[in-house]
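Numbers 4 to 239, taken from our numbering, label the letters of the sequence shown in order. Even for Gly, the Cβ is constructed at its ideal location relative to N, Cα and C. The structure displayed is predicted, hence computed values, not measured ones.
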Amino acid sequence: MYYEAHDFTLSIFRSLFLVKSNQSETDGPWNLYLDEPDDGWLPFVSGYDYIIISGATWFSHPSMFYDAGGRLVGCQSCGGVPGVPELGPRYSLRAAFRTALRAIANLEGFTGTAIVRTLTAASHFEGGEWDKGGDCQRTRPYAGNETRVAGKELDFYTAQVEEFNAAKEAARGRGVRMMLMDAKAAMVLRPDGHPSRYGHWAHQNVTLYNDCVHWCLPGPVDVWNQMLLQMLLDAS
Numbered sequence: 004m005y006y007e008a009h010d011f012t013l014s015i016f017r018s019l020f021l022v023k024s025n026q027s028e029t030d031g032p033w034n035l036y037l038d039e040p041d042d043g044w045l046p047f048v049s050g051y052d053y054i055i056i057s058g059a060t061w062f063s064h065p066s067m068f069y070d071a072g073g074r075l076v077g078c079q080s081c082g083g084v085p086g087v088p089e090l091g092p093r094y095s096l097r098a099a100f101r102t103a104l105r106a107i108a109n110l111e112g113f114t115g116t117a118i119v120r121t122l123t124a125a126s127h128f129e130g131g132e133w134d135k136g137g138d139c140q141r142t143r144p145y146a147g148n149e150t151r152v153a154g155k156e157l158d159f160y161t162a163q164v165e166e167f168n169a170a171k172e173a174a175r176g177r178g179v180r181m182m183l184m185d186a187k188a189a190m191v192l193r194p195d196g197h198p199s200r201y202g203h204w205a206h207q208n209v210t211l212y213n214d215c216v217h218w219c220l221p222g223p224v225d226v227w228n229q230m231l232l233q234m235l236l237d238a239s
C-alpha cells in the first residue's frame, strides 16, 4: 500500500515460519527447512527502510525439521516416528529466528533497521483448553502481580530475545541496525482483549470455539503502533 501524501509504502508478507515450509499432505505435518529463509519475503525487502518480523504460535503445529542438507533432524508432535527425535517447538522457533535474522544482516543492499516483535501472550484461556470449554470473559486487564508468562510461551520469548541479541551484535558491523519491540509484558495483562465467542458477524449463524488467541480491533494491539512510533522517534 502506497500512501502518496506521505510518500510511504507499507508491505505485508505472510510467512508462517520465516523459513521455507510446505505440507506434503493437506492435513499432514509441516516440513520446515530451518536453515533456508522463506522466499516469500526475503527477496523483496532489501530496499526497505524498516523490516518488522514476528512469529510464534505456528511453531506449535506438528512439524518435521530439516537441516541445510535436507536431512531430517527432528520434529514437533510427529507421533513417535522411528529414529526422529522430538525436539519441540522451541528448537524450531529458535532456529528459524536465527536464520531469518542472519539473512537480514547479510542481505545485499539492505542498510535499514530490522525490528523483532516478541511473542505476545499466545492465549488467555481459563477453565480449560481451546477445545475443552476454555473461555476468556474477563472485562478488565490483570494487575501487574496477577499473572506472568510461563511454560512454552516463556520458552518462545526467551529464544526470541537470545537470538535477537546474538544477531544484533553480528549485524552492527555490517551497517544494519536491529531493535527489539518487546510487547510481552503489556499484552500478557490483557485477557479482556480477545473476541471469545464473538469473533464473527452478528448475522452469521455459526458455532465456533471461543477465541482467546486473536485480538479485537480496536483493542490492546493498538498499543503496538504507539510502541513502534516511540521507538522510531527515540532512535531518530
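Using a Cβ distance threshold of 8 Å, F16 and W44 count as a contacting pair. Non-local beta-carbon contacts of F159 in its own chain, meaning distances under 6 Å to residues more than five positions away in sequence, involve A59, L96, L122 in chain order. As summarised for the stretch 86–157, the continuous beta strand (DSSP E) elements at least 3 residues long and confined to that stretch are 116–120, given in chain order. Taking a contact as a CB-CB distance under 8 Å, the pair M184 and A238 does not count as one, their CB atoms being some 12 Å apart. Its Cα nearest to that of G154, the residue P92 stands out among A173, G147, P92.
Beta-bridge partners of G196 (DSSP): none assigned.
Note: K23 is bridge-paired with Y36 in the DSSP secondary-structure output.
Under the three-state reduction of DSSP, V226 is assigned to helix. In the three-state reduction of the DSSP assignment, Q207 falls in the coil class, being assigned neither a helical nor a strand state. Annotated three-state conformation of R175 is helix, per DSSP. For M190, the enclosing alpha helix (DSSP H) begins and ends at 187–190. Positions of the beta strand (DSSP E) runs, each at least 3 residues long and wholly inside the stretch 30–75, are given as 33–40, 53–56, 66–69 in order along the chain. Taking 8 Å as the upper bound for CB-CB distance, S66 and P32 are in contact here, some 5 Å apart. With a cut-off of 8 Å on Cβ pairs, the stretch 183–197 is in contact with the stretch 214–234, counting three or more such pairs. Under the three-state reduction of DSSP output, L220 falls in the coil class, being neither helix nor strand.
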